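Numbering (this note's numbering), first residue to last: 17 to 133. Heads up, the beta-carbon is just placed ideally off N, CA and C, and yes, glycines get one too. Computed from a predicted model, the values in this text were never measured in an experiment.
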Amino acid sequence: MKKTFPDSVRKNLKHSISYAINFTRKLLKEKKSEFVCESVIQLIRDIYLFKKGKNLEESVIGGAEELSLGFTELEKNTIKLIEKSMRKEEYYKETCGYINLDLLNSILLKIEKYLYE
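Right, dumping it as structure tokens:
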């Protein structure tokens with residue numbers, strides 16, 4: 017883990033990510049898939065910033081692979097699909113409506129596990 021921020025900033029960033037994970041879990045229980053999809057993408061970006069000390073400048077899946085988050089091929093393909101669909105709003109809502117909530121939960125659990133490693 018690259019440490020480029022002061023400890024207080026790292027602590028606050030970790031707390032913010034943890035809060036976002038918990039809030040996303042609440043949205044998941046409410047079956048608000050389009051918000052969960054967006055949150056998952058942002059959480060990967062946030063984890064990358066936390067662990068690498070810099071913003072993610074490539075694709076989200078590229079950053080996830082660099083971090084070795086341990087996603088399955090199905091999870092990777094889902095993340096790619098979400099990221100691609102975010103470019104056009106009319107596709108995004110439809111795409112997120114088709115994504116399995118258990119799959120989103122699995123992705124979220126892996127992000128959370130990685131945060132505390």
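In this model, glutamate 82 and lysine 100 are separated by some 19 Å (Cα to Cα).
With contacts defined as CB atoms closer than 8 Å, isoleucine 77 and isoleucine 95 qualify as a contacting pair. In this structure alanine 36 touches serine 55 by the C-beta definition: roughly 7 Å separates them, less than 8 Å.
Judged by beta-carbon spacing, isoleucine 60 lies within the 8 Å limit of isoleucine 127, meaning their Cβ atoms are closer than that value. Of all alpha-carbon atoms in Lys68, Thr88, Asp118, the one lying nearest the alpha-carbon of glycine 79 is that of Lys68.
Counting C-beta atoms within 10 angstroms of its own C-beta, glutamate 91 has 16 or more neighbours from the protein chains shown and is therefore classed as buried. Assignment of beta strand (DSSP E) within the segment 28-73, counting only whole runs of 3 or more residues, yields no such run.
Buried is the label assigned to phenylalanine 66, since at least 16 other Cβ atoms lie within 10 Å of its Cβ. A Cβ-Cβ distance of about 7 Å is found for the pair leucine 131 and serine 34, placing them in contact under the 8 Å criterion.
Spatial neighbours of aspartate 118 in its own chain (CB-CB distance under 7 Å, excluding positions within 5 residues in sequence) are not present.
Ranking Thr88, Ser75, Lys45, Glu50 by CA distance to the CA of glutamate 110 puts Glu50 first. Here threonine 20 is exposed: its Cβ has fewer than 16 other Cβ atoms, across all protein chains shown, within 10 Å.
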